[in-house]
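Undergrad: This is the structure I want to talk about, given as structure tokens.
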Amino acid sequence: MEANSATAHQHQEPVLKDVIPVVNPGHNFETVSDKISSIVLRERTPITLIMALGIAFLVMNLLMAALTKLLYQGVGVWGLNTPVGWGLDITTFVWWIGIGHAGTLISAILLLMGQKWRTSINRFAEAMTLFAVACAAIFPLFHTGRPWFAAYWLLPIPNTMALWPQFRSPLMWDVFAISTYGSVSLLFWYVGLIPDLGTMRDRAKNQIVKMIYGMLSMGWRGEARHWARYETIYNLLAGLATPLVVSVHTIVSFDFAVSVIPGWHTTIFPPYFVAGAIFSGFAMVLTLLLPARYLFNLHDFVTMRHIENMAKVMLVTGLMVFYGYNMEAFFGWYCGNEYEFYMIYNRMTGPYWWVYWLLIFCNGVAPQVLWIKKVRQNVYILWGITIIVNIGMWFERFIIVVTSLHRDFMPSVWGMYAPTIWEWMLYAGTIGMFIFLMILFVRALPMIPMFEIKTLLPQSKVRHKE
Amino acid sequence: MAQIFPKNFNNLAKISIIVTALVVAIGGGVFNLIVIRSSYLTQAQVAIEQPIQFSHKHHVGGLGLDCRYCHTSVEDSAFAGIPPTRTCMNCHSQVWVTSPMLEPVRSSFETGKGLTWQRVHNLADFAYFNHSIHVNKGVGCSSCHGKVDQMPLMWKENTLQMEWCLQCHRNPEKVLRPKEEIFNMEWEPPADQEVKGRELAKQYNIPSKELLTSCSTCHR
Chain A
189 MEANSATAHQ HQEPVLKDVI PVVNPGHNFE TVSDKISSIV LRERTPITLI MALGIAFLVM
249 NLLMAALTKL LYQGVGVWGL NTPVGWGLDI TTFVWWIGIG HAGTLISAIL LLMGQKWRTS
309 INRFAEAMTL FAVACAAIFP LFHTGRPWFA AYWLLPIPNT MALWPQFRSP LMWDVFAIST
369 YGSVSLLFWY VGLIPDLGTM RDRAKNQIVK MIYGMLSMGW RGEARHWARY ETIYNLLAGL
429 ATPLVVSVHT IVSFDFAVSV IPGWHTTIFP PYFVAGAIFS GFAMVLTLLL PARYLFNLHD
489 FVTMRHIENM AKVMLVTGLM VFYGYNMEAF FGWYCGNEYE FYMIYNRMTG PYWWVYWLLI
549 FCNGVAPQVL WIKKVRQNVY ILWGITIIVN IGMWFERFII VVTSLHRDFM PSVWGMYAPT
609 IWEWMLYAGT IGMFIFLMIL FVRALPMIPM FEIKTLLPQS KVRHKE
Chain B
19 MAQIFPKNFN NLAKISIIVT ALVVAIGGGV FNLIVIRSSY LTQAQVAIEQ PIQFSHKHHV
79 GGLGLDCRYC HTSVEDSAFA GIPPTRTCMN CHSQVWVTSP MLEPVRSSFE TGKGLTWQRV
139 HNLADFAYFN HSIHVNKGVG CSSCHGKVDQ MPLMWKENTL QMEWCLQCHR NPEKVLRPKE
199 EIFNMEWEPP ADQEVKGREL AKQYNIPSKE LLTSCSTCHR
């Protein structure tokens with residue numbers, strides 16, 4: 189796609205005065221490669237990053253402790269019991285899967301729509317997607333209690349039970365949706381890395397580092413043939429990934445919507461889950477990108493244009509999600525079904541009322557300040573908003589999973605759910621693992637696609653002199 | 019710039035991809051189709067050491083004892099029953115009274131402390147199994163336990179894996195016998211088993227295959 193940029197830019201691009209550029213002026217091919225690759229190859233690791241890595245590592249060990257306890261003693265160490273059979277595990281699973289969506293959206297849909305501002309942030313967001321999917325996968329796997337059997341329960345592998353998994357169950361579809369999503373995201377990310385890995389190989393000084401990047405770049409020499417194949421496969425993968433943006437969270441929402449529990453059994457779930465996923469995904473990209481931009485001084489490549497655009501995506505998807513909340517409440521009353529009405533009444537005024545209203549504040553009210561341009565351009569306020577949204581989206585899943593279950597059809601089985609320390613440790617541990625992996629990523633790979641940034645430079649817009 | 023890798027690395031890279039794929043495919047296939055059903059893992063066909071070398075071959079095949087002489091509760095209980103030492107002593111207070119091989123039986127009888135037989139058929143705790151329903155509905159001993167009258171030391175004839183249970187639960191008419199043949203070790207399905215089996219199923223009131231293979235029939 190960018191290969192024909194030489195012809196695509198034949199016509200003069202309109203010059204807009206107040207539009208902030210996607211790459212700050214004053215860069216050429218050399219400075220771009222230099223700036224981005226030297227973060228990995230030349231510069232000393234900032235002490236802040238080392239400290240962050242240490243803390244993330246410690247937090248990640250909570251994951252090990254929580255999983256060890258879980259496997260040693262069984263799922264009884266969690267606070268789950270009838271009627272609440274899904275708790276923090278599934279809440280957090282959906283939260284992580286949602287976070288991953290920004291990566292796919294940025295890499296696939298924005299690429300196909302020719303949005304140039306995706307270039308600086310796509311690799312970062314895709315890496316985030318991969319790590320978020322890895323964190324997410326832990327929960328459904330371990331909530332089975334015996335993850336070593338889960339292969340047979342989740343995947344149709346010939347087995348000694350003479351049984352297949354239930355193909356009519358959305359839980360089964362979920363396995364396929366998420367594994368497809370994980371593998372396409374990984375391929376997309378890796379293919380996009382290959383030309384840059386070649387650059388890294390050429391710029392590395394240490395022989396071992398050269399060999400590692402050399403192997404990873406799969407013999408990339410930057411030939412015209414290589415570029416042609418690269419463009420083909422990259423666009424094909426983008427095409428494959430595009431339906432995934434919508435399908436994955438749709439199917440995750442089926443885990444709930446196909447059941448008959450009031451609060452789960454609604455047709456609004458698929459679109460509202462997808463919007464929520466993109467909402468939380470962009471919030472998480474900003475949460476991580478803003479500190480990284482400051483730490484590595486990437487202001488030239490991650491400009492206010494990117495930040496503002498992401499804030500706008502958050503505002504739009506946030507409004508969709510808020511619409512979803514309002515519709516849930518409206519239909520609770522309008523459908524005339526007493527169980528549905530009680531469900532929404534209980535959410536607002538029942539024992540978990542404060543979670544519901546916090547959710548409305550975090551996802552519905554707080555993002556409204558993004559209408560103001562000054563707020564969108566203030567990194568500190570914006571960062572604060574992204575944190576609020578991250579928390580809000582977690583509360584949303586908690587409300588969906590727990591409040592729908594804890595009031596069953598029969599009052600005799602009503603119950604309450606409170607997560608135990610082991611569940612909180614597991615949750616905290618995955619956050620630690622996520623940050624740990626992100627830090628390793630920014631330290632070991634070029635976090636901004638160098639070759640794609642170059643296509644945005646004036647230097648790439650050379651024309652034949654006729 | 020000097021080359022990082024020698025030229026043959028191109029081939030090496032391709033070969034390593036193919037070899038990895040083959041190893042994963044073949045290894046996975048062998049494990050999943052062969053190893054998990056092997057007697058190494060299932061302990062099927064492996065004779066189990068017992069505190070006394072009790073021979074079913076001798077007692078059933080040679081002397082012609084009925085299964086129910088020792089396994090008394092097989093017709094009316096979930097558990098077929100392991101005989102107490104007194105059952106052994108019914109005969110062994112009269113025959114082989116000085117045999118050193120039977121010393122543990124005699125001392126067990128004197129002290130009242132039972133023999134510690136090693137379990138041969140250990141079904142997983144999450145599977146519900148009842149001997150009486152099988153024996154009363156036309157499933158003979160040898161259908162599951164094999165030709166016990168030819169086993170010097172006892173072994174598990176079948177894997178007890180779920181696919182093995184389902185073989186019959188999906189097609190019960192293939193193994194059903196008339197009531198009088200249940201304890202017959204020599205019974206083989208006759209040529210017209212298909213027809214006879216269907217008749218017997220009706221006679222025994224064997225429920226539908228849906229019920230026989232329903233999850234909660236065995237996992238309660």
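Sequence lines, in order, name chains A and B.
Those letters in the first sequence? Residues 189 to 654, per the working numbering, in order.
Those letters in the second sequence? Residues 19 to 238, per the working numbering, in order.
Beta carbons: idealized from backbone N, C-alpha and C, even for Gly.
This structure is a prediction, so every number in the text was calculated from the model and none was measured.
1) Check whether the Cβ of A/I421 lies closer than 8 Å to any Cβ atom in chain B.
2) Quick check: is the beta carbon of B/N176 nearer than 8 Å to any beta carbon in chain A?
3) Can you confirm whether A/P346, when its beta carbon is compared against all beta carbons of chain B, has any partner nearer than 8 Å?
4) Please report the distance separating the alpha-carbon of B/W182 from that of B/N176.
5) Taking CB distances under 8 Å as the criterion, tell me whether B/R238 reaches chain A.
6) Assess contact between the region 271 to 278 of chain A and the region 619 to 636 of chain A, defined as three or more Cβ pairs (one per stretch) separated by less than 8 Å. Is contact present?
7) Hey, how far is the Cα of A/F519 from the Cα of A/E528?
8) Residues in its own chain within less than 6 Å of B/E239 by CB, not counting five upstream and five downstream?
9) Relative to the C-alpha of B/M169, which residue among B/S73, B/N154, B/T129 is closest?
10) Is the Cβ of A/K393 closer than 8 Å to any Cβ of chain B?
11) My understanding is that B/V153 touches B/E93, with C-beta atoms under 8 Å, so please give their C-beta distance in whole angstroms.
12) What span of residues does the alpha helix (DSSP H) with A/C523 cover, start to end?
13) Between A/L329 and the rest of its own chain, which residues show a CB-CB distance below 6 Å, the 5 nearest in sequence each way excluded?
14) Where do the ends of the alpha helix (DSSP H) carrying B/T90 lie?
15) Check whether the region 595 to 614 of chain A and the region 296 to 303 of chain A are in contact - that is, three or more C-beta pairs closer than 8 Å.
16) So A/P358 and A/F442 are supposed to be a Cβ contact under 8 Å. How far apart are they, rounded?
17) From what residue to what residue does the alpha helix (DSSP H) around A/Y418 run?
18) Could you tell me which of B/A145, B/M203, B/P24 sits nearest to B/G80, measuring between CA atoms?
19) Going by the CB atoms, is the gap between A/Q565 and A/E496 shorter than 8 Å?
20) Residues of chain A with CB closer than 9 Å to the CB of B/F23, please, in chain order.
21) DSSP three-state call for B/W173: helix, strand or coil?
22) Confirm, please, whether the CB-CB distance from A/W408 to A/P383 is below 8 Å.
23) Cα separation between B/A142 and A/M388?
24) Report yes if the C-beta distance between B/L171 and B/I66 is below 8 Å; otherwise report no.
25) How about A/M239: is its C-beta nearer than 8 Å to some C-beta of chain B?
26) With 8 Å as the threshold, decide whether the Cβ of A/M349 is near any Cβ in chain B.
27) For B/L184, go through chain A and note every residue whose CB falls closer than 9 Å to its CB, in chain order.
28) Among the residues of its own chain, which have a CB less than 7 Å from the CB of A/N551, if the five just before and after it don't count?
29) Please classify A/S600 as buried or exposed, where buried requires at least 16 other C-beta atoms within 10 Å of its C-beta.
30) Please tell me whether A/M502 and A/L558 are closer than 8 Å, where the distance is taken between their beta carbons.
31) Relative to the alpha-carbon of A/I575, which residue among A/V247, A/L477, A/Y260 has its alpha-carbon at the smallest distance?
32) Would DSSP call B/A62 helix, strand or coil?
33) Within 10 Å of its beta-carbon, does A/T591 have 16 or more other beta-carbons around it, so buried, or fewer, so exposed?
34) With respect to the alpha helix (DSSP H) encompassing B/G46, which residues constitute its N-terminal and C-terminal limits?
35) Can you tell me which of the three DSSP states A/V567 falls into?
36) Give the DSSP bridge partners of A/N269, in chain order.
TA: In short, the structure shows the following:
1) One-based indexing of the first sequence puts residue 421 of chain A at position 233. With 8 Å as the cut-off, A/I421 does not count as an interface residue toward chain B.
2) Here residue 176 of chain B is taken as the residue at index 158 of the second sequence, counted from 1. Cβ-Cβ to chain A under 8 Å: no for B/N176.
3) In the first sequence, counting from the first residue as 1, residue 346 of chain A sits at position 158. Taking Cβ atoms only, chain B reaches closer than 8 Å to A/P346, which makes this a yes.
4) As a working mapping, residue 182 of chain B is identified with position 164 in the second sequence. As a working mapping, residue 176 of chain B is identified with position 158 in the second sequence. Inter-residue distance for B/W182 and B/N176 is about 8 Å (C-alpha atoms, whole angstroms).
5) Working through the second sequence from its first residue, we reach residue 238 of chain B at position 220. Interface annotation, B/R238: not in contact with chain A, CB-CB separation never under 8 Å.
6) At 8 Å Cβ cutoff, the stretches do not touch.
7) For this step, residue 519 of chain A is matched to residue 331 along the first sequence. For this step, residue 528 of chain A is matched to residue 340 along the first sequence. Those two C-alpha atoms are separated by around 8 Å.
8) Since the first and last residues shown for chain B are 19 and 238, residue 239 of chain B lies out of range.
9) Locating residue 169 of chain B in the second sequence gives position 151, where the first residue counts as 1. That would be B/S73, whose Cα lies nearest to the Cα of B/M169.
10) For the purposes of this step, residue 393 of chain A is identified with residue 205 of the first sequence, where counting begins at 1. False, the Cβ-Cβ gap to chain B never drops below 8 Å.
11) Working through the second sequence from its first residue, we reach residue 153 of chain B at position 135. Working through the second sequence from its first residue, we reach residue 93 of chain B at position 75. Yes, they are in contact, since the Cβ atoms of B/V153 and B/E93 sit about 6 Å apart, within 8 Å.
12) Here the question's residue 523 of chain A lines up with position 335 in the first sequence. Looking at the DSSP string, A/C523 is not in any alpha helix (DSSP H), and its letter there is neither H nor E.
13) Here the question's residue 329 of chain A lines up with position 141 in the first sequence. Hits under 6 Å: P335, A338.
14) Position 72 of the second sequence, counting from 1, holds the residue named residue 90 of chain B. Element bounds for B/T90: n/a, residue is neither H nor E.
15) The region 595 to 614 of chain A vs the region 296 to 303 of chain A: no contact.
16) Residue mapping note: residue 358 of chain A aligns to position 170 of the first sequence, counting from 1. Residue mapping note: residue 442 of chain A aligns to position 254 of the first sequence, counting from 1. Cβ-Cβ separation between A/P358 and A/F442: approximately 4 Å, consistent with a contact (criterion under 8 Å).
17) For the purposes of this step, residue 418 of chain A is taken as the residue at position 230 of the first sequence. Run containing A/Y418: 412 to 445, per the alpha helix (DSSP H) assignment.
18) Taking the second sequence and counting its residues from 1, the one referred to as residue 80 of chain B is at position 62. Considering only alpha carbons, the answer is B/M203.
19) By one-based count along the first sequence, residue 496 of chain A stands at place 308. By one-based count along the first sequence, residue 565 of chain A stands at place 377. Yes, the pair counts as a contact, with Cβ atoms nearer than the cut-off.
20) Along the second sequence, one-based indexing puts residue 23 of chain B at 5. Close partners of B/F23 in chain A (Cβ separation under 9 Å): M399, G402, M403, G407.
21) Taking the first residue of the second sequence as 1, we reach residue 173 of chain B at position 155. In this structure, B/W173 counts as strand in the three-state DSSP scheme.
22) In the first sequence, the residue the question calls residue 383 of chain A occupies position 195. In the first sequence, the residue the question calls residue 408 of chain A occupies position 220. For the 8 Å CB-CB criterion, A/P383 and A/W408 form a contact.
23) Mapped onto the second sequence, residue 142 of chain B falls at position 124. Mapped onto the first sequence, residue 388 of chain A falls at position 200. Cα to Cα, B/A142 sits roughly 56 Å from A/M388.
24) Walking along the second sequence from the start, residue 171 of chain B turns up at place 153. Walking along the second sequence from the start, residue 66 of chain B turns up at place 48. It is a contact, given that the beta carbons lie within the stated cut-off.
25) Walking along the first sequence from the start, residue 239 of chain A turns up at place 51. So, not an interface residue.
26) Within the first sequence, numbered from 1, the residue matching residue 349 of chain A stands at position 161. So, interface residue.
27) Position 166 of the second sequence holds residue 184 of chain B. M349, A350, L351, listed in chain order.
28) Counting from one through the first sequence, the residue named residue 551 of chain A turns up at place 363. Counting only Cβ-Cβ distances below 7 Å, and skipping sequence neighbours, we find G506, V509, F510, V577, G580, M581, E584.
29) For the purposes of this step, residue 600 of chain A is identified with residue 412 of the first sequence, where counting begins at 1. Within 10 angstroms of the beta-carbon of A/S600 lie fewer than 16 other beta-carbons, which makes it exposed.
30) Within the first sequence, residue 502 of chain A is the residue found at index 314, counting from 1. Within the first sequence, residue 558 of chain A is the residue found at index 370, counting from 1. Yes. Within cutoff.
31) Counting from one through the first sequence, the residue named residue 575 of chain A turns up at place 387. Of A/V247, A/L477, A/Y260, the residue nearest in Cα terms is A/L477.
32) Position 44 of the second sequence, counting from 1, holds the residue named residue 62 of chain B. Shown here, B/A62 sits in a strand according to DSSP, grouped into three states.
33) Here the question's residue 591 of chain A lines up with position 403 in the first sequence. Looking at its Cβ environment, which holds 16 or more other Cβ atoms inside 10 Å, A/T591 is buried.
34) Locating residue 46 of chain B in the second sequence gives position 28, where the first residue counts as 1. For B/G46, the enclosing alpha helix (DSSP H) stretches over residues 27 to 51.
35) In the first sequence, the residue the question calls residue 567 of chain A occupies position 379. Helix.
36) Counting from one through the first sequence, the residue named residue 269 of chain A turns up at place 81. A/N269 is bridged by DSSP to A/V272.
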